[in-house]
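Student: So the sequence shown is residues 1 to 575, counted in this note's numbering.
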Amino acid sequence: MNDERQFTTPYLRGLDTYLRDELRNRRIAWGMGVEDFYNRVDAWFGNFAHADQPLALKVMLKLQHYSEPDFKRAIDNFLVPIQQYLVQTGSSLGDLRLVLPSERGDSADRHAYDIIKAWGLRQDQVVTVEDLARTDAGCVLVFFNDTHGTGNQFLREVFSKVRRENFKAVFLVAVTIAEKALLRFSRELKGIRLLPEVATLSIFDEFTAREVNRLRELGSQVYSKHPFGYGNAGLLVSYWFQCPNNTLPLIWANHKTENNKVDGIAFPWAPLFPYRPKATQTEPALPNVPSPESPDNSILNCDWTWSNEQRQLIVNQIEAWGLTSTAFYQTASDWFRNFKQEEREAALEIFFKTSYLNIAAIRSAIREIRRTLMVELGRVGGDMGDIVLVTTGDEKNSVYHYVYEFMREWHLSIDQVESLERLSPDRVIDKTLVFFYHTRPNGQHFEKHHAERLAKLTPRANVFAAYAMSSAAKKKFCELKVESPSVACSQAASRTMDTLVPGSLEVVSRIERELRPDSTPRDPANTFLSAYYFQCPENSSPLLWAEQSETEQRRRWRPLFRRIIMPSSGTVPSD
Numbered sequence: 001m002n003d004e005r006q007f008t009t010p011y012l013r014g015l016d017t018y019l020r021d022e023l024r025n026r027r028i029a030w031g032m033g034v035e036d037f038y039n040r041v042d043a044w045f046g047n048f049a050h051a052d053q054p055l056a057l058k059v060m061l062k063l064q065h066y067s068e069p070d071f072k073r074a075i076d077n078f079l080v081p082i083q084q085y086l087v088q089t090g091s092s093l094g095d096l097r098l099v100l101p102s103e104r105g106d107s108a109d110r111h112a113y114d115i116i117k118a119w120g121l122r123q124d125q126v127v128t129v130e131d132l133a134r135t136d137a138g139c140v141l142v143f144f145n146d147t148h149g150t151g152n153q154f155l156r157e158v159f160s161k162v163r164r165e166n167f168k169a170v171f172l173v174a175v176t177i178a179e180k181a182l183l184r185f186s187r188e189l190k191g192i193r194l195l196p197e198v199a200t201l202s203i204f205d206e207f208t209a210r211e212v213n214r215l216r217e218l219g220s221q222v223y224s225k226h227p228f229g230y231g232n233a234g235l236l237v238s239y240w241f242q243c244p245n246n247t248l249p250l251i252w253a254n255h256k257t258e259n260n261k262v263d264g265i266a267f268p269w270a271p272l273f274p275y276r277p278k279a280t281q282t283e284p285a286l287p288n289v290p291s292p293e294s295p296d297n298s299i300l301n302c303d304w305t306w307s308n309e310q311r312q313l314i315v316n317q318i319e320a321w322g323l324t325s326t327a328f329y330q331t332a333s334d335w336f337r338n339f340k341q342e343e344r345e346a347a348l349e350i351f352f353k354t355s356y357l358n359i360a361a362i363r364s365a366i367r368e369i370r371r372t373l374m375v376e377l378g379r380v381g382g383d384m385g386d387i388v389l390v391t392t393g394d395e396k397n398s399v400y401h402y403v404y405e406f407m408r409e410w411h412l413s414i415d416q417v418e419s420l421e422r423l424s425p426d427r428v429i430d431k432t433l434v435f436f437y438h439t440r441p442n443g444q445h446f447e448k449h450h451a452e453r454l455a456k457l458t459p460r461a462n463v464f465a466a467y468a469m470s471s472a473a474k475k476k477f478c479e480l481k482v483e484s485p486s487v488a489c490s491q492a493a494s495r496t497m498d499t500l501v502p503g504s505l506e507v508v509s510r511i512e513r514e515l516r517p518d519s520t521p522r523d524p525a526n527t528f529l530s531a532y533y534f535q536c537p538e539n540s541s542p543l544l545w546a547e548q549s550e551t552e553q554r555r556r557w558r559p560l561f562r563r564i565i566m567p568s569s570g571t572v573p574s575d
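#1: Just tell me which of Thr527, Arg556 and Trp119 has its CA closest to the CA of Lys72.
#2: Can you list, in chain order, the residues of its chain whose CB lies under 6 Å from that of Tyr18, leaving out five sequence neighbours each side?
#3: Could you name each continuous alpha helix (DSSP H) segment of 4 residues or more that falls completely within the segment 366-447, going from the start of the chain to the end?
#4: Is DSSP giving Ile265 helix, strand or coil here?
#5: Using only the alpha-carbon positions, how far apart do Leu132 and Tyr275 sit?
#6: What is the C-beta distance between Asn526 and Ala472, in whole angstroms, given that I count them as a contact (C-beta under 8 Å)?
#7: Going by C-alpha distance, which of Glu130, Ile82 and Ile75 is nearest Lys117?
#8: Within the same chain, show all residues whose beta-carbon is closer than 8 Å to that of Arg13, passing over the 5 residues directly before and after it, in chain order.
#9: In this structure, does DSSP put Asn288 in helix, strand or coil?
#10: Output needed for Trp304: all residues of its chain with C-beta closer than 7 Å, excluding positions within five of it in sequence on either side, in chain order.
#11: Rounded to the nearest angstrom, what separates Gly191 and Leu201 at their Cα positions?
#12: Should Phe78 be labelled buried (16 or more other beta-carbon atoms within 10 Å of its own) or exposed?
#13: Could you tell me the boundaries of the alpha helix (DSSP H) in which Arg216 lies?
#14: Going by C-alpha distance, which of Asn213, Trp252 and Arg210 is nearest Gly229?
#15: From what residue to what residue does the beta strand (DSSP E) around Asp146 run?
#16: Restricting to Cα atoms, I'd like to know which of Val173, Thr150, Leu172 and Glu157 is closest to Glu179.
#17: If I'm right that His411 touches Phe167 with Cβ under 8 Å, what's the distance once you round it to whole angstroms?
#18: Mind checking whether His487 and Gln123 have CB atoms under 8 Å apart?
#19: Based on Cα-Cα distance, which residue from Leu189, Ser504 and Asp146 lies nearest to Ala164?
#20: Should Leu580 be labelled buried (16 or more other beta-carbon atoms within 10 Å of its own) or exposed?
#21: Kindly give me the distance between the Cβ atoms of Val129 and Val99, rounded to whole angstroms, as I take these residues to be in contact under 8 Å.
#22: Grab me the residues of Glu283's own chain with a C-beta within less than 6 Å of its C-beta, minus the 5 sequence neighbours each way, in chain order.
#23: Comparing C-alpha positions only, which one of Ala320, Pro485 and Pro271 sits nearest to Leu377?
#24: Candidates Ser509, Leu423, Asp136 and Lys58: which alpha carbon is nearest Ile203's?
#25: Judging by CA-CA distance, which residue of Arg453, Ser490, Gln64 and Leu500 is the nearest neighbour of Arg371?
#26: Of all the beta strand (DSSP E) runs that stay within the bounds of the segment 85-139, which reach a length of 3 or more residues?
#27: Label Lys340 either buried or exposed according to how many other C-beta atoms from any shown protein chain fall within 10 Å of its C-beta, with 16 as the threshold for buried.
#28: Pick helix, strand or coil for Cys489, following the three-state DSSP scheme.
#29: Should Ser186 go down as buried or exposed, given a rule of 16 or more other Cβ atoms within 10 Å for buried?
#30: Consult DSSP for Ala279 and reduce its assignment to one of helix, strand or coil.
#31: Distance check for Pro268 and Ala43, CA to CA, integer angstroms please.
#32: With Arg554 as the anchor, note down where its alpha helix (DSSP H) starts and where it stops.
#33: Should Asn526 be counted as a contact of the ligand SAM given a C-beta to heavy atom distance under 7 Å?
#34: I'd like to confirm the pairing. Which residues does DSSP put opposite Arg193 in its beta bridges?
#35: Looking only at C-alpha atoms, which of Val388, Gly381 and Asn39 sits nearest to Val434?
#36: Any chance you could list the alpha helix (DSSP H) runs of at least 4 consecutive residues sitting entirely within the segment 477-542, in chain order?
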């Protein structure tokens, strides 16, 4: 234990050598650094009264945590029994189809990539549930999930859409299957092959009745809705990317993120391995918005004559943006007042075609980019551990708004973020570099010296990403003389002004001239209809962000979204 630091918890400091070695072995097996492990374990034991700490130690020692290598080994091991079936029935690996749910989160994409790589599948062997109607009847289907706690969600949302008799065989594969899920699958999915065939051990297998009762009492304090975890599964499992909510909440509850909130209160608790609800579950609920029968009349606070349909469409758009405060209704009203009678059709088209990315939409866009990136990794090799997120503007305000979100959504470590200036040739060997900037029109935000610097490096691939990217920018990046260039962006956020109908485009061009008579006319194909919660980019239409008083030369204008001026320089950053 000489290479280990000491715990600060008195109970842990007093453990005998055998138990201290057991904890050290857990740290190594779980792939955790010394500081992270000791700090996290000390904090977790601090949740328990001294009398309960021996029970906490037993929980920790019984916990099965899958590090990233452990998880990949589990995936590797599932292939053998599937191959045995294929050989016995005269099938081949090419007959296999990995089926993903049509509505899926990041974990489904992550698992699909790991399976493609481990099992040697082609990209076209990965299909969604909706694709099954067009899938050959001779195929063997594989449904994979990390955890089945009760089986309810899988049966309701996925398997209810599958006609199993249309396919040669169906395998249901999971790293962890609780006893309740296994029994239900065995009863309701006759003829389906389950891997594994036995349930994962739980507290009900590993603890005495007295211990289980005490765990129930503690769990009722921490998360009274499900003291033993969702579905009362009582699992003792966690993964490197997530702790399932079917595991004891004593393991995953985190009052700071309020994942254990009941009746508006989250019981104070530090997690050993936190459960991270889906982004859609963690975002604050949007304020109530008007019903179709009664749109909020504050949106009508201008001299327009609205039809009921127009009023409701505007309210729906504001609701979709998540900007339903009274203040924004007033902002929208002021913005519509900018337009003259003959310009109103163009105003409505701009309004309805504009993409506003709030924090939830930003995270969704990052996940969309990740899916594109996973396909690229499947082509060139490597995994998410080989990604380096490259910044090219450390002094610009937008950098601080995206680095953390990418680390959060892609599970990147801090050493996977680097500036281009600090990248050395040996640092990029076998790496895929991702160059992100939130808005990329043609010819901007990737300087000539960046391209020259990049040409001297030999990574595995270069991916140029953005929330919004014009067609011309995509073409330019793909033509760079660098290793394996590709692009990734959000299609919705990349909508440009040239998608407006010709009449509206003419109106916009005229208004832009009236706003900035001395400015060079903008290229509609490189002018976006996008705004973000942290900034409305300069490369979006000035009709969205311009703010000025009327003069003899210039037209008065009020913004729909605001641009941010950096206080350090007093000038608008070049985003």
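Each residue gets a CB set at the ideal place from its N, CA and C atoms; glycine is no exception.
In this text the structure is predicted, and so the values were computed from the model without any measurement.
Tutor: So, from the data block:
#1: Trp119
#2: none
#3: 399-410
#4: strand
#5: 32 Å
#6: 6 Å
#7: Ile75
#8: Gln6 and Phe7
#9: Here the model assigns Asn288 a pLDDT of 37, short of 50, so the residue's position is not dependable and the matter cannot be decided.
#10: Phe336 and Arg344
#11: 24 Å
#12: buried
#13: Ala209 to Val222
#14: Trp252
#15: Val140 to His148
#16: Thr150
#17: Contact doesn't hold; Cβ gap of about 33 Å is too wide.
#18: Note that residue 487 is Val in the sequence shown here, rather than His. Not closer than 8 Å, so no.
#19: What sits at residue 164 in the sequence shown is Arg, not Ala. Among Leu189, Ser504 and Asp146, the Cα nearest to that of Arg164 belongs to Leu189.
#20: This structure gives no information on residue 580, because the portion of the chain shown stretches from 1 to 575.
#21: 6 Å
#22: Unreliable positioning characterises Glu283 in this predicted model, as indicated by a pLDDT of 34, which lies under 50. The coordinate reading is nonetheless provided below. Hits under 6 Å: Ala360.
#23: Pro485
#24: Lys58
#25: Ser490
#26: 96-100 and 126-128
#27: exposed
#28: strand
#29: exposed
#30: Because Ala279 carries a pLDDT of 44, less than 50, the predicted location of this residue cannot be relied on, and the following value inherits that uncertainty. The answer is helix: DSSP assigns Ala279 an H, G or I state.
#31: 12 Å
#32: It is not in any alpha helix (DSSP H) - Arg554 carries neither H nor E in the DSSP assignment.
#33: Among the components modelled here there is no ligand, and therefore nothing to report on the ligand SAM.
#34: Phe171
#35: Val388
#36: 502-515
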